Structure formats: structure tokens, C-alpha cells
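> Residue numbers (my numbering): -5 to 485. Pasting a structure below so you can have a look.
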Amino acid sequence: MTTSFRFDNSFVRELSGLYEQWNATHASAPELLALNDELAHALGVEPAELRSPAGVDVLVGNSVPDGAEPVAQAYAGHQFGGFSPRLGDGRALLLGEVIDVDGVRRDLHLKGSGRTPFARGGDGLATVGPMLREFVMCEAMHALGIPTTRGLAVVATGDQVRRETMLPGAVFVRVASSHLRVGTFQYAASLDDPDVLASLVDHAIARHHPAAADAAVPALALLDSVMDAQAELIARWMNVGFIHGVMNTDNVTISGESIDFGPCAFMDRYDPETVFSSIDQGGRYAYGNQPAIGQWNLARLAEPLLTLIDDDLDVAVERATALLQRFPERYEAHLLAGQAAKLGLPADHRDVGELASDLLALMQRHGADFTMTWRGLRDVLDGSDAVLRPESNVVDPDVDAWLARFRSAHVAASVNVGDATAAMDLANPIYVPRNHLVEAALSAGTAGDLAPFEELMDVLAAPFTERVGLDRFAEPAPDGFADEYQTFCGT
Ligand code: AMP
Ligand code: MG
């Protein structure tokens, strides 16, 4: 099957030992549910080509395009703290690497394409709802300017999948700058052949962190660079109220892209202890724990790299530890940069940290909506004091004190109000994938009505631009929804 995709499969070429060649399970009656035209163009393919029956067969895995070499990738991972030495793509395949129109290498990947040698007890399948969900969430993140894997397509397979009930099956076609994970390094280090790990380090450096190649100790420089990418990523999540939900080491990329949007969700009311995932009983991956978990996951990346950091294990541990201890300060710097933008203040303004953390504390006290509160701050500069108390009549002198400090920080920084509010609108989204909207779109989609899903995708594609008639997309869930809401993983 010829397509316009230009494949060049460096992972398969360079890293034998880290995958199994494999083919997708045949889908009986594929039907394209969603296609990302803009991303198709970026990959050098006309959307019409992918909409044709032959194109849909490629997207669902029924035919292998020329140049592709499908593999199931091997990786290990710490899941909720416990180590699994062999996870791998149980229901996914890397079709190959496409060189896009800008010359950038990008993985083309299928999720839900059938059992692989890594499937363990799983059926290798995925259903329409969760695959549409991953599509919505990753494209929303992209529109928010947050590094993320992308969604190219969702294809219904025409086959039924057994979950609690029978559900329509689907394949999600994902695009990523790579699928290298912390767990890939954990797996490589467990093999008898040390050359595999060394090749993986070279491959990861060349692909994502090329400056590390020239460092005195490339493996340490790689760790440093991944640490920075992850610190920035998590800071960006925190600044939009995003909860990944399953920050296992197999879901942490070397590129710094968000990946594996299983049970993730955006928070409505601000509470750092918020957890949505049904399997996260202990709250390990609660909103407020994400930075600390990020640092823990980077320590798991350091372990397989130790032999390449120094021949003397004690020296290697010392150097890696010294580096990892700097995670909080890196994270803080990225967080503050984002908070300064959200507050409309210059990046180096000394009050940013305190203003932001005091605002968050007030949000928590008043059960305020995270997204609406940040977005509403612009109105404070325009003279409104409605922020943080849209519905309650409670008078809180701390809110007034905060508003006064916020206004005087702006006066002292002599930021022009018009410029500040315009800049704040670009840092504080009005439309995020709120759980109740996502759920409604997915239930309709599963039942065959894609209109709500398509409308939601349109709204989320421009999250910073307020548009008339879209008020309901900006509002929090009806009372009671968030208390009951749970998300599910591996579905
Ligand atoms: P995830 O929670 O999607 O990150 O997946 C964790 C691990 O479970 C990965 O190794 C997946 O490939 C595997 N997995 C999840 N669901 C299935 C399934 N239905 N069949 C086979 N493997 C699965
Ligand atoms: Mg995963």
C-alpha cells in the first residue's frame, strides 16, 4: 500500500532488543470517526487520502503502508510505585517514524490495534469513548500550548469489545516526537547486553536533547535535559489545573511531551488533593503531588543511567543525586514564569510567587473554580472586584486585601492595563475540557452521534479566545458532578 507518508524508522534500525515486530489485528468494518486535517497536512498527507477506504485501512492497521515497520515497543515501569519489569505495548504498535513537512521525525502509532506479545491478560483492544477522550485531551493540551502527543485520527473497528458491557471498538492514531519513556531505559538496563542501553542513550540524545552529545558526561547531560523538560511540563500542567492521573514511569516521556491520557482530567474547584482516577486510591497522583512525583520518576531514570555516568557507582550516585536535588528549583522557576504571565506581571516581578500562592489559598477556601478565577483576574484590572466571590455573599477581608495587593503590584510595575489584560487573556484559557462536557461528548459519540464531540473539539481549538454563544463551555460543572466524577484507566 503506497501512501504519502515518508517513513524513516530509526528506532527499529538502531534499537533491536527493544521491540517485537508485530501486526495489527484485522478490523472488520473500519469507520473513520475523527481526523485531524491540520496534523495530516503537517505530516505531508492530504486528509482526503486518509479519508479514502485505503487510507482508513492504514489508520486502523488493516494495511501496512510502504515504508512502515510496525513494532510493539518494550518497556518496564513503576506503576503506582511498584516495579513491573516487562510492560510494553500490550495493545499498541509503532507503525513507523514519519518525516514531516518541516523535516521533523515523528512517531506514527496505533492504540487499540489488538493483542501483542506484551498483552499479558489484556485483550489488546480499546473502545470508542476512551479513544475519543484521548483525542480531545491531547488536542486541547496542544491548543493550550503544552507539549503533548497529538491525535491524528480515531477509527471505529466495527468490532465489539467486552468491558462491563459490550462496547464499540476503536483505534486511536497518535503522533509523538517519540515514544521513548523512562520505562524504556528501565527495560534496556535490565537486558544482559549493555550495548542496548548505550544505543538507547545515543538515540534519545540525538532525537531530543542533541546538546547533551557534546557534554563531558552525555548520560548525565541527558538526565539534566529530561529533568528540565519534565519540570517545565509539570509546571505547565499545574498552571492549567491539569491532573494526569497515572504518572507511572512508563507514562513519562524523554521528550517532555504529555502522553497516555487515560484517567486525566481538569480540575474545576481548586483543591490540591483532587484525584479523579478510580484506581488512585491513595491519591498518589493527586494534583498537588505531581511535582514531587515528577522528581521521583526522574530518580527512576537516573538509576539505569548510573553505569554510564561514572565507572565508580558511588561517584555516579553522588552526581545524579546532586542534579536531581535541583528539580524543585527548576520546577519553581517554570511555575513562576507561568504564574507571572497569568497575573499579567513581568516575569521577574518579585511578588509573583506570593500573589499566586495566596490566590490559590483563597480559591481553596472559597471553593472557587480554577479556570474561571484565573480568567476573571483581568477584570480586576478593569475595576471589577467580583473575582473569587461570583456566587457567595460571604465577605472575606483577605480577598479584598489580595485584590488591593494585586492592583498595587500592577501600579508599581507600571504595566499598562490594556497590555496586561491582553497578555493575561493569552495565559489564562477560558475554555478547557471540563469533565462534564467531555463525558457528554463521549457518551453521544459512543452512541453514534459525533456532533457534540466535534463541537467540543472546535471550542477547545481556540481556548484563549472568548466567543459569543459559548458560555456553557466556560462554566463549571453543575453542582454535585465533581463530587461523583471518576475517570478510568486502561479502558
Ligand atoms: P496504560 O494504562 O494505557 O498506560 O497501560 C499500561 C500497560 O497496560 C501498558 O503496557 C499497556 O500496553 C497495557 N494495557 C492496557 N490496556 C490493555 C489491553 N486492553 N490489552 C492489553 N494491554 C493493555
Ligand atoms: Mg501507558
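Virtual Cβ for every residue (Gly too), placed ideally from N, Cα, C. For clarity, every value in this text was computed on a predicted model and none was experimentally measured.
#1: Quick one: any contact between the region 296 to 305 and the region 205 to 221, if contact means 3 or more CB pairs under 8 Å?
#2: In this structure, does DSSP put Gly160 in helix, strand or coil?
#3: Check whether the Cβ of Asn291 sits closer than 6 Å to any heavy atom of the ligand MG, and report yes or no.
#4: Under a criterion of Cβ closer than 6 Å to any non-hydrogen atom of the ligand MG, which residues qualify, in chain order?
#5: Please confirm if the region 272 to 284 is in contact with the region 95 to 107, defined as three or more CB-CB distances below 8 Å between the two stretches.
#6: Kindly indicate which three-state DSSP category Gln319 falls into: helix, strand or coil?
#7: Leaving aside the five residues before and after Ser107 along the sequence, list all residues of the same chain whose C-beta is less than 8 Å from its C-beta, in chain order.
#8: Do you know whose CA, among Ile228, Tyr479, Tyr425, lies nearest Ala455's CA?
#9: Is it right to say Arg114 is buried, meaning 16 or more other beta carbons lie within 10 angstroms of its own, or is it exposed?
#10: Compare the beta carbon distance of Thr142 and Cys132 with 7 Å and say whether it is the shorter of the two.
#11: Got a sec: does the ligand AMP put a non-hydrogen atom nearer than 6 Å to the Cβ of Gly116?
#12: Identify which residue in Val234, Asn291, Thr481 has its Cα closest to the Cα of Phe364.
#13: If we count Cβ pairs, one from each stretch, closer than 8 Å, do we get three or more for the region 325 to 343 versus the region 395 to 413?
#14: Quick one: using the 10 Å Cβ neighbour count with 16 as the cut-off for buried, is Asp208 buried or exposed?
#15: Applying the criterion that 16 or more other CB atoms from any shown protein chain within 10 Å of the CB defines a buried residue, is Thr159 buried or exposed?
#16: For Ala398 and Phe467, I'd like the C-alpha separation in whole angstroms.
#17: For Gln15, which residues of its own chain have a beta-carbon under 6 Å away from its beta-carbon, when the five flanking residues on both sides are left out?
#18: Mind checking Gly377: buried by the 16 CB within 10 Å criterion, or exposed?
#19: With Phe77 as the anchor, note down where its beta strand (DSSP E) starts and where it stops.
#20: Taking three-plus beta-carbon pairs below 8 Å as touching, is the region 188 to 199 in contact with the region 278 to 288?
#21: The alpha helix (DSSP H) spanning Gln180 covers which residue range?
#22: With DSSP as the reference, identify every bridge partner of Glu14, one or two as the case may be.
#23: In the DSSP assignment, find the alpha helix (DSSP H) that holds Gln289 and state where it starts and stops.
#24: Use the C-beta contact count for Met357: other C-beta atoms within 10 angstroms, 16 or more gives buried, fewer gives exposed.
#25: Looking at Gly256 and the ligand AMP, is the gap between the Cβ and the nearest heavy atom below 6 Å?
#26: Using DSSP with H/G/I as helix, E/B as strand and the rest coil, what is Ser252?
#27: Taking 6 Å as the line, does the beta carbon of Ala164 fall inside it for any heavy atom of the ligand AMP?
#28: For the region 311 to 355, which segments carrying the alpha helix (DSSP H) assignment without a break, of at least 4 residues, lie completely within its bounds, in sequence order?
#29: Got a sec: does the ligand AMP put a non-hydrogen atom nearer than 6 Å to the Cβ of Ala113?
#30: For Pro427, which residues of its own chain have a beta-carbon under 7 Å away from its beta-carbon, when the five flanking residues on both sides are left out?
#31: Rounded to whole angstroms, what is the Cα-Cα separation between Val411 and Leu375?
#32: Are the beta-carbon atoms belonging to Gly71 and Gly177 less than 7 Å from one another?
#33: Looking only at its own chain, which residues have a Cβ that is under 7 Å from the Cβ of Ala293, when we skip the five neighbours before and after it?
#34: Return the first residue and the last residue of the beta strand (DSSP E) that Ala468 is part of.
#35: I'd like to know whether the C-beta atoms of Glu251 and Ser171 end up nearer to each other than 7 Å.
#36: How many angstroms separate the CA atom of Val169 from the CA atom of Leu89?
Result, derived from the coordinates:
#1: yes
#2: Looking at the sequence itself, residue 160 is Met, so the reference to Gly does not match. Note: Met160 maps to strand in three-state DSSP.
#3: Closer than 6 Å to some heavy atom of the ligand MG: that does not describe the Cβ of Asn291.
#4: Asp244, Asn245, Asp254
#5: no
#6: Gln319 falls in the coil class under three-state DSSP.
#7: Ala18, Thr19, Val54, Gly55, Arg85, Ala86, Leu87, Gly118, Val165
#8: Among Ile228, Tyr479, Tyr425, the Cα nearest to that of Ala455 is on Tyr425.
#9: exposed
#10: yes
#11: yes
#12: Closest in alpha carbon position to Phe364, among Val234, Asn291, Thr481, is Val234.
#13: yes
#14: exposed
#15: exposed
#16: 30 Å
#17: Taken in chain order, the residues that qualify are Val65.
#18: exposed
#19: 76 to 78
#20: no
#21: 176 to 184
#22: Ala66
#23: 284 to 303
#24: buried
#25: Checking every heavy atom of the ligand AMP against the Cβ of Gly256, one is found closer than 6 Å.
#26: strand
#27: no
#28: 321 to 337
#29: yes
#30: Contacts found: Val130, Met131, Ala134, Phe260, Leu454.
#31: 7 Å
#32: Contact flag set, yes.
#33: Leu318
#34: Boundaries around Ala468 are those of the alpha helix (DSSP H), 465 to 468, since no beta strand (DSSP E) includes it.
#35: Cβ atoms of Glu251 and Ser171: closer than 7 Å.
#36: 10 Å
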